[in-house]
Amino acid sequence: MADVKIEFSYQDNDRTISFFDLKDIVNDETFDMIKNQILTFDKKIKEAAIVHLLNQEVGKENAKQIAVDVKVFEQKRELSVME
Numbered sequence: 001m002a003d004v005k006i007e008f009s010y011q012d013n014d015r016t017i018s019f020f021d022l023k024d025i026v027n028d029e030t031f032d033m034i035k036n037q038i039l040t041f042d043k044k045i046k047e048a049a050i051v052h053l054l055n056q057e058v059g060k061e062n063a064k065q066i067a068v069d070v071k072v073f074e075q076k077r078e079l080s081v082m083e
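Number 83 marks the last residue of the sequence shown (the UniProt record's numbering); no jumps.
Here you go:
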């Protein structure tokens, strides 16, 4: 199977930012903005998946008694300089 390259596009007010990898974004402010939105989206998906699993395993009424809070720990961005 051939390699597949996926391009992401992010639309923000008056501009569209396209990239293949977060490392492609050189502007730190833009990088942080997109990264934070991805982390927020990721957290919401994980919380929804956990709640869904709890509903399946213990029932909806019992699951309501369990608080779900996903903590997101981010890694620092490391840039390397090619010589």
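Ideal Cβ positions, reconstructed from N, Cα and C, are used throughout, including at glycine. Quick caveat: nothing in here was measured; it's all calculated off a predicted structure.
In this structure, V51 is the residue among D42, V51, I45 with its C-alpha nearest to the C-alpha of A67. The alpha carbon of F31 has as its nearest neighbour, out of N55, S18, K43, the alpha carbon of S18.
For D14, there is no enclosing beta strand (DSSP E), as DSSP marks it with neither H nor E. Going by DSSP, F73 is part of no alpha helix (DSSP H) at all; its letter is neither H nor E.
Residue pairing by DSSP puts F19 in a beta bridge opposite F8.
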